[in-house]
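In full-length UniProt numbering, the protein residues as written are 1 to 407.
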């Protein structure tokens with residue numbers, strides 16, 4: 001099958017409505033922007049997205065294309081990719097990987113930590129988030145199975161396109177169809193139309209006819225994104241309070257250090273002229289100051305670790321929401337592309353077997369857009385793995401925060 005190994009940086013443009021056979025020749029002129037990549041979005045380090053039009057502002061920004069490329073090279077991403085695809089390849093006749101293969105920490109670990117956690121608003125928010133993340137992860141794992149089924153669905157299309165010789169350019173492609181290839185194309189088109197679209201419909205109206213999977217997925221995505229926003233707001237507030245506390249501790253520690261130096265200097269001078277019992281009293285006083293200073297340093301170290309966790313959790317929570325937005329859009333695009341291809345291939349078979357002219361039009365159109373469809377499937381596959389890498393990181397950081405608050 002024709003596929004591309006290039007790792008994408010942005011999402012490809014969505015497919016256009018299906019065309020009649022008479023409109024196929026005018027496709028390049030009617031859709032001059034088809035296949036162009038959208039404008040790259042930049043994201044401030046504070047976490048608020050902006051368009052590249054506002055890139056002239058002095059605040060530093062992150063290029064999402066570069067961040068995407070770096071993200072799919074991380075060890076956590078590679079681990080998730082291997083887990084999902086190794087199980088999928090090894091268990092072709094099974095339902096594929098289960099949530100226990102990819103979601104960490106697992107439910108048992110989460111329940112054990114939450115059982116002993118204090119009942120606070122933050123703990124309840126984290127608990128709801130962890131539950132929502134597990135439900136969304138089940139949905140994302142199901143979508144990964146849809147990606148695998150879509151690739152299987154398009155395998156005969158790719159094999160057919162490899163067999164049919166073409167000449168010219170994409171703007172003036174000439175398809176050389178022999179009678180045997182024409183009949184084979186007809187059979188492939190009929191087979192394609194007989195298989196159900198592996199992705200849920202993005203519209204709630206069609207979900208009533210095809211089941212409630214679309215409504216369920218849309219509701220779950222919206223619930224998870226809402227939970228992510230609430231959690232990020234709370235994490236930002238706790239991070240702000242932790243930073244204020246850290247500044248106070250730093251000032252206190254600095255003052256204790258100055259006082260300790262003064263007392264030590266005074267102890268040296270006074271020790272030369274006073275009796276030993278007075279010296280002992282000063283030593284005891286200095287020890288108290290030193291002990292308080294050490295306690296402050298220990299508190300600062302623990303607070304700094306918790307601040308790092310809160311900051312990382314907030315950033316990954318924001319990244320998680322972006323992953324879900326991208327997954328949702330890609331699912332909609334791939335579903336529409338498959339539906340368009342179904343309608344297109346019906347045009348090729350409506351006149352019956354051996355009708356060369358309409359079949360040539362369909363083949364020409366499929367060849368133009370086949371790589372784009374495979375690229376969309378690859379991007380969706382990658383973003384699902386990115387989601388799991390992000391959600392596992394957030395879940396781990398949140399549980400570490402709860403454990404830290406208990407110590």
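Backbone N, C-alpha and C fix where the C-beta goes; we use that ideal spot for every residue, glycine too.
If one requires a minimum length of 4 residues, the alpha helix (DSSP H) runs lying completely within the stretch 151-196 are 179-193, in chain order. The beta carbons of residue 337 and residue 400 sit no closer together than 9 Å. Residue environment: residue 163 is assigned as exposed (fewer than 16 neighbouring CB atoms within 10 Å of its CB, all protein chains considered). A residue is called buried when at least 16 other Cβ atoms come within 10 angstroms of its Cβ; residue 364 meets this threshold and is buried. Here the stretch 329-348 does not lie against the stretch 121-133, with fewer than 3 beta-carbon pairs under 8 Å apart.
Counting the other Cβ atoms within 10 Å of the Cβ of residue 335 gives 16 or more, which makes it buried. Listed in chain order, the non-local C-beta contacts of residue 225 below 7 Å within the same chain comprise 321 and 324, local neighbours out to five positions each way being set aside. The beta carbon of residue 319 is closer than 7 Å to those of 390 in its chain, skipping five residues each way along the sequence. The residue from 222, 316 and 156 with its alpha-carbon nearest to that of residue 232 is 316. By the neighbour-count definition (other C-beta atoms within 10 Å, threshold 16), residue 219 is an exposed residue. Residue 185 is a Cβ neighbour of residue 348, given a cutoff of 9 Å. Going by DSSP, residue 394 is part of the alpha helix (DSSP H) stretching over 356-406.
Residue 69 and residue 404 have their C-alpha atoms spaced approximately 33 Å apart.
Under the DSSP assignment, residue 114 falls in the alpha helix (DSSP H) whose first and last residues are 107-115.
Residue 333 counts as buried, since at least 16 other C-beta atoms from the protein chains shown sit within 10 angstroms of its C-beta. Contact annotation: the stretch 129-148 does not touch the stretch 352-368, with fewer than three C-beta pairs closer than 8 Å. Residue 154 and residue 305 have their alpha carbons spaced roughly 49 Å apart. Straight-line spacing of the CA atoms in residue 344 and residue 192 works out to 11 Å.
Per the coordinates, the alpha-carbon of residue 105 lies some 11 Å from the alpha-carbon of residue 112. Around the beta carbon of residue 109, fewer than 16 other beta carbons sit within 10 angstroms, so the residue counts as exposed. Nearest neighbour of residue 326 by Cα position, chosen from 221, 230 and 371, turns out to be 221. Counting the other Cβ atoms within 10 Å of the Cβ of residue 229 gives fewer than 16, which makes it exposed. Collapsing the DSSP output to three states places residue 72 in coil. Taking every protein chain shown into account, the CB of residue 157 has 16 or more other CB atoms within 10 angstroms, so this residue is buried. Separation of residue 159 and residue 331 (C-alpha to C-alpha, rounded to the nearest whole angstrom) is 24 Å. Taking the C-beta atoms as reference points, residue 72 is found nearer than 9 Å to residue 382. For the pair residue 107 and residue 361, the Cα-to-Cα distance works out to about 53 Å. The DSSP-derived three-state label of residue 326 is helix. The alpha-carbon separation between residue 199 and residue 373 amounts to approximately 13 Å. Contact between residue 398 and residue 114 does not hold, since the beta-carbon distance rounds to 10 Å and is not under 8 Å.
Rounded to the nearest angstrom, the gap between the Cα atoms of residue 167 and residue 133 is 50 Å. Within the same chain, and ignoring the five residues on either side of residue 188 in sequence, the residues whose Cβ sits closer than 6 Å to its Cβ are 156 and 160. Per DSSP, residue 102 is one residue of the alpha helix (DSSP H) stretching across 99-102. Approximately 7 Å separates the beta-carbon atoms of residue 393 and residue 76; this is inside 8 Å, confirming the contact. Apart from the 5 residues on each side of it in sequence, residue 236 sits with its Cβ closer than 8 Å to the Cβ of 314 in its chain, given in chain order.
Under the criterion of beta carbons closer than 8 Å, residue 238 and residue 310 qualify as touching, at roughly 6 Å.
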